[in-house]
Amino acid sequence: MSPGRRLFSLLFFLFICSQVHAQTKYWVFFTDKDTTGFNPYAFFDQNAIARRQKTGLSLYDYSDIPVNPVYIQKVAGLSDSIGNTTRWFNGVGAWIGDANLPAVQHLPFVREVVPMTIHLEPTIGPINFDLPDDSELLNLQIERLQGRQFLEKGFKGKGIRIAVLDVGFKGARNHPAFTHLFKNNQIVETYDFIKHDSDVYHYGTHGTMVLSCLAGVQNDTAMGLAQDAEFLLARTERDMTEWKDEEDNWLAAVEWADQQGAHIVSSSLGYTDRRYFPYQMNGHTSLVSRAANMAAGKGMLVVIAAGNEARNSWKYICTPGDADSALTVGATNPKNDTRASFSSYGPSADGELKPNVVAPGYAWVADGVKYSSAMGTSFATPLVAGFAACVWNMFPEWTNMELYKAIEQSGYLYPYYDYSHGYGTPQASYFLTRKYNETSGEAPVKGKAATFHFDTTNYDFAIILHSMNSEDSTVIPGVDEKLVYYQALDTNGKIARYYVIKPGMDPHAEADKIYSPITLNWDEIPEHGIIRVFFDGYTNEEKY
Amino acid sequence: MKKNTNYKSLMPRLQMAMLFGILLFSVRAKGQTDTASLPADTVKEVTEPEIGDNDSGATDAMTVINVPVTYDFKKKYGPNEPNYVQGYTYFGVVVGPSDTGVKLNYGASNEWAIGWRYKRKLSGMFALCADFGLHSAEFNISQSAKNYFLDTTFWQQSDISHKKERFGYYSLALGGFLRVNFDPHRGDYLGHYIDLGATGSFLVSNRYVAIDERRDARVKSKFTGMPYTNPFQYDLTAKLGFNFIALVAKYRMTDIFKEQYRFPEFPRLMLGLEVNSLD
């Protein structure tokens, strides 16, 4: 064979290989549904019915009616295989060959056929670094949310059903951290959306670690706050690989969670550059963020990890954390409650405040075999989901969005916020105060006493911090340092830059513990804007 | 025995290619974590306390977090953004028959390269790539068959056998490719693609080495700067890429040796693997 023909043969072979690899899966969306015979009482779990009634939703909402099985059957007849269906978006996933694609597109009941190109890409597994092998983290992950106060009052998420969507729950069935869950039948339902069976206790341990931050126990010490909650466990992701159909699995799992009566969805999964660009993190581009918003519309609280992208080129929130109705959770270093260096930044691409709140991103977890330390927004998320279950246990009359707002208001920074910490770490004392001292039904006023003032008498713009011996301090117990959070807003009211400062001590002060003034750097501040400051539970702002 | 010899001659080149690869990736990895090199719309983080560190630190004010906010999420640089630069390493082996008069040890006859690539996105499906790199090719000549490669020139007699005999050259290469992507709707990553293009090379140096064993003495003869090679070459190249890894097929269109010397030509086809740096 001549070299030329050899080269041609090689290229032809490579081309064939690439064509075999680039298989195409499609979403086939339909024009209508068969609304006859739909019985919500038979279709939904009782919890789902109650949630809809509380939220004021119709039990016969069009989006809840299942996809017409006749349509699915007809598409299946023209497809190689059928994937998940979505009643919310009225479609079905299908592997369709090129020859049959026009026939599917021309079916009279097909509204749209959208390709889902599939990629096999390596992903980073569960983050698990060499953190101290002791119980310090265990205390921090509970105490930073003041979780002990919930547990002591008996609010442990009873009556709340939490759906956990993850890569697998390997080892959970035999791990001592979860003995009580199985003994008390708190694992209500499981489903593997990849293998299509009910066994989720295999493959990855990431879900096991996440579950431990919701309801795990070590030597009678709670690792998460939802000790009495019920759980729905769904496997939607393959460990170590990333396929686009995992987004479809996620969508299917959320619809399943809705049907099974979940109150809270906790998902420590995020999608970034394998499918999207940062500018698409606007809450309505990706399928999963639209699904997250839909889930919130069905009355569920959707708690989503912000992502671990801050050190990578992506940097920003992952989807579905960009969904405006998702409670997106960033990670903090519990040592000082500031953003962990890996935790993704907000805002969303459409300018929404993200993350909404933060929680410790360094956690003590059950890893399938033993206990270990781990870090990531993956673990901050279930800590907040467990926290939310306790609050909903305390205020069962609240809707999901009332709960959402209240959790934001309980953040220790509230009403201050920035795009690393949101409103800060939610605080249990806020809800206990509200529960037991409730008079007007309004949120308690936080940070009444001024802890600083502005000094603009000189050319410099300075923040003068008051004595740190404030009796009215609302700073988180156990945080070693009181930090100053401040931000510069431009003339449009948008945050241009934000800072967290550890204030210095005045070495010349006669009395102990007097802070040095903080003089702002004009070079990094927009002209004619506003400086907003939070210190020790008090927020104020000043034009300059 | 001969097989072992071939592997020995192959390994240092593999190791060198791997070393360059590691160096390349080390440079890229540092760029991802070095806060000083981050663009203006990202963080400048001064410190993050270690877990378990109970020392509250100095009394001076200290910036813990300093973040400028961006509301413009459109990037101009990235694997699937308008512009992208990445490093690459390549290792390939010679395949296919030689001209009559020279037979190669396959596997030991190979090429490695390191370089940088600029990618200009035209659309989700199409992109143009420009490569600039340093290449090193070596052809390990088999002594098992009748072989008169260069012998008449260097040794003034034909059909001489050596213990080892090889010919190689370094070149600076400039390549241009059209990239066709199989998933135009992908996110910000390279994806699966095929590259079709050509590479022009300027031969910086050449070398001929013969090793002989005579009366228990090992004699190494090395000739460089020989006038026999064409200073310019060009190849046709096709690649099948899977994100940061690509299978490469190169076909040399020009002769290595000037026509007037009438040396037998080495095989023109090379198959190899390219590893790109990640961002």
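If you're matching them up, the sequences are chains A and B in order. Take the first sequence: its position 423, counted from the start at 1, is 423 in the working numbering, and no numbers get skipped. Take the second sequence: its position 117, counted from the start at 1, is 661 in the working numbering, and no numbers get skipped. Glycine included, C-beta positions come from ideal geometry on N, C-alpha and C.
> My guess is that proline 347 of chain A and tyrosine 419 of chain A are in contact by the Cβ rule of under 8 angstroms, so how many angstroms apart are they, rounded?
Replying inline: Indeed, because the Cβ distance is near 5 angstroms, the residues count as touching under 8 angstroms.
> Going along the chain, which residues of its own chain have a beta-carbon closer than 6 angstroms to the beta-carbon of glutamate 809 of chain B, five neighbours each way excluded?
Replying inline: The answer, listed in chain order, is Asp643 and Asp799.
>> Using 8 angstroms for Cβ pairs, my map puts valine 484 of chain A next to proline 503 of chain A. What's the rounded Cβ distance?
In response: 5 angstroms
>> Considering only their Cβ atoms, is the gap separating glycine 216 of chain A from asparagine 393 of chain A smaller than 8 angstroms?
In response: no
>> For glutamine 687 of chain B and asparagine 820 of chain B, which I take to be in contact (beta-carbon distance under 8 angstroms), what is that distance rounded to the nearest angstrom?
In response: Not confirmed; about 37 angstroms, so no contact.
> Taking the alpha-carbon positions, what's the threonine 491 of chain A to histidine 528 of chain A distance?
Replying inline: 6 angstroms
> How about phenylalanine 231 of chain A and isoleucine 194 of chain A: are their beta carbons less than 8 angstroms apart?
Replying inline: no
> For leucine 78 of chain A, which residues from the same chain have a beta carbon less than 6 angstroms from its beta carbon, with the 5 sequence-adjacent residues on both sides left out?
Replying inline: Asn100, Ala103 and Val104
>> So for alanine 99 of chain A, helix, strand or coil by DSSP?
In response: coil
> Where do the ends of the alpha helix (DSSP H) carrying phenylalanine 155 of chain A lie?
Replying inline: Phenylalanine 155 of chain A -> no alpha helix (DSSP H), and no H or E assigned at all.
> Does the beta-carbon of asparagine 333 of chain A have 16 or more other beta-carbons within 10 angstroms, so that it is buried, or is it exposed?
Replying inline: buried
> When DSSP labels each residue in this structure, what does lysine 183 of chain A get in the three-state scheme?
Replying inline: In this structure, lysine 183 of chain A counts as helix in the three-state DSSP scheme.
> Can you name the start and end residues of the beta strand (DSSP E) that proline 360 of chain A belongs to?
Replying inline: 357-360
>> Please report the straight-line C-alpha distance between alanine 253 of chain A and serine 341 of chain A, rounded to a whole angstrom.
In response: 31 angstroms
> Looking at the structure shown, is threonine 456 of chain A part of a helix, part of a strand, or coil, going by DSSP?
Replying inline: coil
> For serine 653 of chain B, which residues does DSSP report across the bridge?
Replying inline: B:Tyr650
>> If you follow the beta strand (DSSP E) that leucine 327 of chain A is in, where does it begin and where does it stop?
In response: 327-333
> Of the residues A:Met209, A:Gln141 and A:Thr31, which one's Cα is nearest the Cα of lysine 370 of chain A?
Replying inline: A:Met209
>> Rounded to whole angstroms, what is the Cα-Cα separation between isoleucine 685 of chain B and glutamate 655 of chain B?
In response: 14 angstroms
>> Once DSSP output is grouped into helix, strand and coil, what is the label at phenylalanine 44 of chain A?
In response: coil
>> Applying the 10 Å Cβ sphere with the 16-neighbour rule, what's the burial state of alanine 793 of chain B?
In response: buried
> Buried or exposed: which applies to methionine 797 of chain B, given that a residue is buried once 16 or more other Cβ atoms fall within 10 Å of its Cβ?
Replying inline: exposed
>> Taking the beta carbon of threonine 123 of chain A as the centre, do at least 16 other beta carbons fall within 10 Å, making it buried, or is it exposed?
In response: Here the model assigns threonine 123 of chain A a pLDDT of 36, short of 50, so the residue's position is not dependable, and the following value carries that caveat. Label assigned to threonine 123 of chain A: exposed.
> By Cβ distance below 8 angstroms, which residues in the same chain neighbour glutamine 427 of chain A in space, the five residues on each side in sequence not counted?
Replying inline: Its chain contains Leu145, Gln146, Ser410, Gly411, Tyr412 and Ile476 as the residues whose beta carbon lies nearer than 8 angstroms to that of glutamine 427 of chain A, once the 5 sequence neighbours on both sides are disregarded; these appear in chain order.
> Applying the criterion that 16 or more other CB atoms from any shown protein chain within 10 Å of the CB defines a buried residue, is glycine 125 of chain A buried or exposed?
Replying inline: Below a pLDDT of 50, predicted positions are generally treated as unreliable, and glycine 125 of chain A, at 40, falls in that range; the measurement from the model is reported next regardless. Exposed is the call here.
> Alpha carbon to alpha carbon, how far is proline 771 of chain B from glutamate 309 of chain A?
Replying inline: 55 angstroms
> Does tyrosine 733 of chain B have its Cβ less than 8 angstroms from a Cβ in chain A?
Replying inline: yes
> In the stretch 609-633 of chain B, which residues sit with their C-beta less than 7 angstroms from some C-beta in chain A, listed in chain order?
Replying inline: Ile609, Asn610, Val611, Pro612, Val613, Tyr615, Phe617, Lys618, Lys619 and Gly622
> How would you call serine 325 of chain A, buried or exposed, if buried means at least 16 neighbouring beta carbons within 10 angstroms?
Replying inline: buried
> If you check the beta carbons only, do valine 748 of chain B and leucine 716 of chain B fall under 8 angstroms apart?
Replying inline: yes
> Since isoleucine 501 of chain A meets chain B, which of its residues come closer than 8 angstroms, beta carbon to beta carbon?
Replying inline: Here the neighbours are Ala605, Met606, Thr607 and Val608.
> Helix, strand or coil: which one does DSSP assign to threonine 586 of chain B?
Replying inline: Low confidence applies to threonine 586 of chain B: its pLDDT is 30, below 50, so where it sits in the model is not reliable enough to give any reading.
>> Measuring only the C-alpha atoms, how far is glycine 537 of chain A from alanine 389 of chain A?
In response: C-alpha separation (whole angstroms): 25 angstroms.
>> According to DSSP, simplified to helix, strand and coil, what is aspartate 258 of chain A?
In response: helix
>> Quick test of your reading: aspartate 538 of chain B and aspartate 506 of chain A, contact by CB under 8 angstroms. State the CB separation rounded to the nearest angstrom.
In response: Because chain B in this structure spans residues 545 to 823, residue 538 of chain B falls outside the shown range and cannot be described.
> Should glutamate 594 of chain B go down as buried or exposed, given a rule of 16 or more other Cβ atoms within 10 Å for buried?
Replying inline: With a pLDDT of 47 at glutamate 594 of chain B, under the threshold of 50, the modelled position of this residue cannot be trusted; read the value that follows with caution. With fewer than 16 other Cβ atoms within 10 Å, it is exposed.
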